[in-house]
Every structure is written in C-alpha cells, then in structure tokens.
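Chemist: Please see the structure below; I have some questions.
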Ligand code: GAR
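Residue numbers (the working numbering): 1 to 214.
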C-alpha cells in the first residue's frame, strides 16, 4: 500500500512509520512526506530515508479549502492510496475528509473520545483520570474523531508532570501506529458504522496494549 505521511513537526511518529516500512515483510511503503511547515525536523527524517518530500505551507493560501485542494492534488500525483497524519496540526475540511473517507489515519495522544484537541496530558492530569494513552483512528470531519483502530494505555503517576507523561505516551504511539498501519495495509480492517472490526483474532488481541513503561 502506498502511503503519504502528513506532518507539522519533529516527526517521531513519522520515524516509527519509516522504520516499520523499511522491514522486508511490511505491507506498506511511504511514497511522500508532506509538511505544512517548511522548517521542521520531520522533513529531514524523510530525506534521510530517501523519501520524497513536499512543503505545502498553509500560510500561502487564503483559506482552508484552497490549502486542502493543493494537498489533494499532491496526494494524487504521488499515487498514495492512504494518508497517515503524524503530528499534522491542521484541521482538514469536511470535503477533503469525505473524499478520502476511511483512507486517512490519525494518531492522537489520548484515549479518545477523551481529551480531543491540544494539551491532552495537562488536561488528563488536571482531571484526575488514572490512565492516559494514545489512539489510532480513521479520520472523520470532526476534530480527533472517527472509528478507533487501536489504543494503548499507561497508568498515570500523580508525581509526574505533563511532559513526562507525554514522553511515556509518545513511546506507545511509536508502537501502535505502525501496528495499525500494518493491519490496514493487510486489509484486515473493516469499518462498520463508527467501529472497527479486525479480521484476525491474533491481531485483534495485539491492538490492546497495556504495557508498563519504565
Ligand atoms: C504526537 O504526540 C501526536 O500524537 C500528536 O502530535 C505529536 C507529534 O509528535 N498529534 C496530535 O495531537 C493530533 N491531534 P511527532 O511529530 O514527534 O510525531
């Protein structure tokens, strides 16, 4: 499966996907990395891996629709059939999302549907929940919403701060994102309404991870 990865920042999740795709038996490859920010380290990661990169700077466009049109054009040109959002911090408009229905994955640093949006770990700590984590999901037009493919949870240590918690969660992100991409690329995923069915029980078990991160 040919995948385009969209980034806005440092791209550690992109790196996890690059590393997974480099394995011989991995069923997907990254054909293009697109950033809406020109000077982010994620672009260097892509170049180092020999992946084509493109900057589509949202500041060059009058509105979201024009930006999304340009994005759509670039995606079609590179032949991607799946989009992975990896720290892509732009909202995509409903027309774009519907055009790519069930073909856009996102990773979000919370156990959705809790804590959509920004500052997730600060909000998790403030709210007193016992677990944080991350979610890979198909993208709906609403922010951080859509059928959930996999999640990983981590117990919250009340003595840790938001940055420490974010670092723990980020480690989990690097595990579940390649795993979810593999499931999608192998055609094991079926979306039924707002939920996802995974065809192979062996893989279904693996999508629930509660690792203790030291
Ligand atoms: C990750 O924690 C990702 O889950 C989050 O941005 C970070 C990007 O880090 N994405 C969102 O919050 C999307 N709503 P990275 O650039 O090192 O992959």
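Even glycine gets a Cβ: it sits at the ideal position worked out from N, Cα and C. Bear in mind that the values here come from a model prediction, so they are computed numbers and not experimental data.
Could you have a look at residue 184 and say whether DSSP puts it in helix, strand or coil?
Modeler: helix
Chemist: Within its chain, find whatever has a CB closer than 8 Å to the CB of residue 213; leave out the 5 residues flanking it on each side and keep chain order.
Modeler: Summary for residue 213: the model assigns pLDDT 34, below 50, so the residue's position carries little reliability; its value from the coordinates is reported in the next sentence. Only 154, 168, 171, 172 meet the Cβ criterion.
Chemist: Using a C-beta cutoff of 9 Å, does residue 78 count as contacting chain D?
Modeler: This model lacks chain D altogether, as it is built from one protein chain only.
Chemist: Can residue 133 and residue 151 be called in contact, C-beta distance under 9 Å?
Modeler: yes
Chemist: Indicate, with yes or no, if the ligand GAR has a heavy atom lying under 8 Å from the CB of residue 92.
Modeler: no
Chemist: I want to check one thing, is the minimum distance from the CB of residue 42 to the heavy atoms of the ligand SAM below 8 Å?
Modeler: Inclusion of the ligand SAM in the displayed structure is not the case, the ligand content consisting of the ligand GAR alone.
Chemist: What span of residues does the alpha helix (DSSP H) with residue 227 cover, start to end?
Modeler: Here the chain has residues from 1 to 214 only, and residue 227 is not among them.
Chemist: Contact defined as beta carbons within less than 8 Å: I believe residue 64 pairs with residue 15. What is the distance between those atoms, to the nearest angstrom?
Modeler: Not quite, the Cβ-Cβ distance comes to about 28 Å (not below 8 Å), so this is no contact.
Chemist: Please classify residue 110 as buried or exposed, where buried requires at least 16 neighbouring CB atoms within 10 angstroms.
Modeler: buried
Chemist: Start and end of the beta strand (DSSP E) containing residue 81?
Modeler: Taken as a continuous stretch (DSSP letters only), residue 81 belongs to no beta strand (DSSP E), as it is neither H nor E.
Chemist: Buried or exposed: which applies to residue 104, given that a residue is buried once 16 or more other Cβ atoms fall within 10 Å of its Cβ?
Modeler: buried
Chemist: What would DSSP say about residue 236, mapped onto helix, strand or coil?
Modeler: This structure cannot speak to residue 236, because the chain is shown only from 1 to 214.
Chemist: Taking residue 180 as the reference, which of 158, 147, 166 has the closest Cα?
Modeler: Measuring from the Cα of residue 180, the nearest candidate turns out to be 147.
Chemist: Taking only runs that begin and end inside the stretch 101-165, name each unbroken alpha helix (DSSP H) of 4 or more residues, in chain order.
Modeler: Listed in chain order, the alpha helix (DSSP H) runs fully inside the stretch 101-165 are 120-127, counting runs of at least 4 residues.
Chemist: What's the gap between the Cα of residue 55 and the Cα of residue 89?
Modeler: 14 Å
Chemist: Cα-Cα, which of 184, 190, 191, 192 is closest to residue 84?
Modeler: 184
Chemist: With DSSP as the reference, please indicate the residues paired to residue 197 in a beta bridge.
Modeler: The partner list for residue 197 (beta bridge, DSSP) reads 190.
Chemist: Taking only three categories from DSSP, how would you classify residue 91?
Modeler: coil
Chemist: Measure the C-alpha to C-alpha separation of residue 198 and residue 124 and round it to an integer number of angstroms.
Modeler: In a straight line, the C-alpha of residue 198 is about 29 Å away from that of residue 124.
Chemist: What residues match up with residue 53 in a beta bridge as DSSP calls it?
Modeler: 33
Chemist: Let me know if residue 192 comes out buried or exposed under the rule of 16 or more other beta-carbons within 10 Å of its beta-carbon.
Modeler: exposed
Chemist: Could you compute how far the alpha carbon of residue 206 sits from the alpha carbon of residue 62?
Modeler: Residue confidence for residue 206 is low, a pLDDT of 49 falling below 50, so the modelled location carries little weight and cannot support an answer.
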